[in-house]
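Beneath this line is the structure, given in structure tokens, with notes to follow.
Residue numbers (this note's numbering), protein chains in the order written: chain A, 1 to 390; chain B, 1001 to 1309; chain C, 2001 to 2251.
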């Protein structure tokens, strides 16, 4: 049967023809290339390089960025791309989010002309892979106290420290690394061949298995002076990148939820117990109904924040709301869907438990659920409650 | 009412569908002329009951298949209120071209033909049936095995016509058809094995039946997971391929829900399983309770016979 | 010069079809697509254009919604887009008259399309058009390339797979091939938006489309299959095989 993504309030009618065509292009690619192979990729714990190349060929990386070979699409289109990729797998969407919002974006917004010309066109084509080095082993929700530091040595910067949980790290050609220079957070572009830089892969994950997660290790790593991002200081830099990625994730979560909903619905209609399809039982209908309501609400949130991004009338707290809400509802939908599938739900015959495991990471990265909650709390009250010092 | 029937041939002799075309025209009370491209099968055509005349069209141009060249030679010889052909690949092409030359409408691959003419055909790959009215003069192609064949015992006159026509298509080389097995996702007929096959080497029995039918060979998830020798590409089921063949033959497959999801939309399902309680019998159109060891050789034999008729 | 590619918009082959009031309910069709065999024709045409053959002129004959086919074709490389705006209920004579007039107006000497469309599965258009235009015709090809002043093609003929040669002008109908169909990309989608669609009516082409002798009376869902029949023992196999032929018509 043709994939019919749940669209109860007809968001499709709000899209431009271009947005629809971009969405359909990604949807078709995911159906043809990802879905038949994703379970194997997960079992093997690899992100197939072929996908990187094909995503690059589609021209969807760095979707909302303009110029330098970047697509220059609307934020709605960017959201739709994330939705369709994540319907396939959160790991695939993570590759694109990191490349576009976390590696290309900072160069595009804060880099020099030379840096933009040097890196962005190849990154847009997927030929140069980037990653984003902010999180450290001891500094996740609290990036401001990071200990990776850069020292100005006259002819070069000397980088020391380590980053952890870095998507794409091991396959990346460049890393946009945030480190303290004279106690101020600055962005540096580190290249794969730079001496003193290594990016070992982190193994043993139960989540995002078809995605590369790495450590970035800097041991007296020498970085040429022209690799610093001149125009940004402090957390504003990394946070603006994260806002873009979080926006994409609010759509991505909808895609994962749609996939789980569809699978639950089809399963419930075919599974016969006590002589009837379980879709005829009230408790099952209650669950499906809840899923439909949550997906519809999530779509409306994502669409509206997308319009505000395109209008430039948004604030970061609005993105926190969308990311937090949509990932929460998607994770719950994945669990509920697994439940409807019964024992079959634990097999990789069905996508639901893979989505469920992935969404645990999505709930934690790009700002944990709790952090976004406190961001909203601070917005409501004017009082920050992240730390004990007021 | 007059009907011209374009005869169908295969391997140098008359194809049985020709008698079905005559049968269909006879039931309309029509006088029937059979036109034989290249003269193939003209003698047998004359023996079909209900045929008034056979025109054997002969010429060098029939040595190579060139639809336009052939239809140009046939057009002046094909007359009447109704032109019929089979809906085989060649039948369809010829009748389309003839219809265009004569400026008459054509409807293809019908399964019912009545006075008027009122016809039925399947549309959207069998998801719906369309009833169409088409008035004479017109052209209609008929689906094989949908109409009662006219019996033998006829004795029609055979007129030979020699034509010379330029052929625009030149065959440079006949290519051997690839002997690779068809992919499960593209086949019209699939025969699939489950863990009930006992050992992966037993899939060779499935291959033999597949060869008779020109079918693809698939496997259930259980078989793929149990045996390395059975590759994932053969898997039918949720993460394997979803298939929509005309005929799906499930051998030694219990019919667990995961496998069913992949083949449920097959037009017809034939199940062979030694367990009379296997769930697959709940979805099969035809179920045979028997061991595959006994059933497959017998199935192969009967299928070979049926297919060569 | 150039290749005319005829594209037909059909319900996606995976879309559910529902019948209500004796007619297929078009509004319930979830997805419309370019008929699958036509896609192979388009891919081959674009390849030939890339080798210097000339422009790819994508032509569709259908109602307003059919223009989507042309935009999709533009997104993968079609150069000119022609929409012959007409109802979807035309008969073979009318469709072929419209398409042949459109091909003539585009001055193409090669026409490519799928061997049959996924809605009617008829396959009348290709050969009919060749007769009307007085072009040569080769059906069920998997590949066409330029050769000398004409073309070389691989076709599945009645004698099997053959390598053939044919001159220009010619109509080719395409079967499914091993060829990978190119995907659109963002660049193509954005350029497609800029390509104008030339709308032509039957009047513009001076084709008469009233007075058809063909009319659709009704649609119905296929009859419910009878409940499954279960047999015991190998003795039943002969009967089952005969039912596969007589009842099911699948062998």
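Ideal Cβ positions, reconstructed from N, Cα and C, are used throughout, including at glycine.
Between residue i and chain C, is any beta-carbon pair separated by less than 9 Å?
i: residue 333/A; result: no
i: residue 1267/B; result: yes
i: residue 53/A; result: no
i: residue 1092/B; result: yes
i: residue 1218/B; result: no
i: residue 1067/B; result: yes
i: residue 1170/B; result: yes
i: residue 28/A; result: yes
i: residue 21/A; result: yes
i: residue 57/A; result: yes
Could you tell me if residue i is buried or exposed, where buried requires 16 or more neighbouring beta carbons within 10 angstroms of its beta carbon?
i: residue 351/A; result: buried
i: residue 326/A; result: buried
i: residue 1128/B; result: buried
i: residue 2119/C; result: buried
i: residue 2226/C; result: exposed
i: residue 2104/C; result: exposed
i: residue 2184/C; result: buried
i: residue 1143/B; result: buried
i: residue 86/A; result: buried
i: residue 1114/B; result: exposed
i: residue 2077/C; result: buried
i: residue 1074/B; result: buried
i: residue 2141/C; result: buried
i: residue 227/A; result: buried
i: residue 2060/C; result: buried
i: residue 2147/C; result: exposed
i: residue 1164/B; result: exposed
i: residue 2172/C; result: buried
Are residue i and residue j close, meaning C-beta to C-beta below 9 Å?
i: residue 124/A; j: residue 248/A; result: no
i: residue 264/A; j: residue 288/A; result: yes
i: residue 54/A; j: residue 33/A; result: yes
i: residue 2113/C; j: residue 2234/C; result: no
i: residue 2124/C; j: residue 1096/B; result: yes
i: residue 222/A; j: residue 183/A; result: no
i: residue 1250/B; j: residue 1263/B; result: yes
i: residue 1132/B; j: residue 2215/C; result: yes
i: residue 177/A; j: residue 218/A; result: yes
i: residue 2194/C; j: residue 2081/C; result: no
i: residue 77/A; j: residue 18/A; result: yes
i: residue 2138/C; j: residue 1169/B; result: yes
i: residue 2030/C; j: residue 2041/C; result: no
When you compare each of the options to residue i by their alpha carbons, which one comes out closest?
i: residue 2126/C; options: 2074/C, 2246/C, 2111/C; result: 2111/C
i: residue 339/A; options: 380/A, 297/A, 291/A, 309/A; result: 291/A
i: residue 200/A; options: 63/A, 60/A, 162/A; result: 162/A
i: residue 149/A; options: 120/A, 220/A, 242/A; result: 220/A
i: residue 1034/B; options: 1149/B, 1072/B, 1103/B, 1055/B; result: 1055/B
i: residue 1260/B; options: 1130/B, 1280/B, 1212/B; result: 1280/B
Consider the Cβ of residue i: report whether some Cβ of chain A lies at a distance smaller than 9 Å.
i: residue 2177/C; result: no
i: residue 1232/B; result: yes
i: residue 2023/C; result: no
i: residue 1190/B; result: no
i: residue 1257/B; result: yes
Would a check of beta-carbon distances place residue i closer than 9 Å to chain B?
i: residue 338/A; result: no
i: residue 267/A; result: yes
i: residue 349/A; result: yes
i: residue 2096/C; result: yes
Is there at least one non-hydrogen atom of the ligand FMN closer than 8 Å to the beta-carbon of residue i?
i: residue 296/A; result: Ligands displayed in this structure: none; no statement on the ligand FMN is therefore possible.
At 4 residues or longer, and completely inside the segment 2052-2119 of chain C: list those alpha helix (DSSP H) runs for me, N to C.
Inside the segment 2052-2119 of chain C, DSSP marks whole alpha helix (DSSP H) runs of 4 or more residues at positions 2067-2076, 2092-2106, from first to last along the chain.
Which runs of the alpha helix (DSSP H) spanning at least 4 residues fall entirely within the segment 2170-2222 of chain C, listed in chain order?
When DSSP assignments are scanned along the segment 2170-2222 of chain C, the uninterrupted stretches of alpha helix (DSSP H) that are 4 or more residues long and fall wholly within it turn out to be 2186-2194.
Whole beta strand (DSSP E) elements within the segment 169-238 of chain A, 3-residue minimum:
Taking 3 residues as the shortest admissible run, the segment 169-238 of chain A contains the following complete beta strand (DSSP E) segments, listed from N- to C-terminal end: 174-181, 184-191, 213-224.
Complete runs of the beta strand (DSSP E) confined to the segment 238-296 of chain A [at least 3 residues]
Counting only runs that start and end inside the segment 238-296 of chain A, there is no beta strand (DSSP E) element of at least 3 residues.
Quick check for students: name the residue ranges of the beta strand (DSSP E) that lie wholly in the segment 1163-1217 of chain B, counting only runs of 3 or more.
The qualifying runs are 1170-1174, 1189-1193.
So within the segment 2002-2040 of chain C, which uninterrupted beta strand (DSSP E) runs reach at least 3 residues, ignoring any that extend past its ends?
The segment 2002-2040 of chain C contains, as complete beta strand (DSSP E) runs of 3+ residues, the segments 2003-2006, 2009-2011, 2032-2034 (chain order).
Whole alpha helix (DSSP H) elements within the segment 1061-1137 of chain B, 4-residue minimum:
Segments of the alpha helix (DSSP H) lying fully in the segment 1061-1137 of chain B: 1067-1074, 1089-1102.
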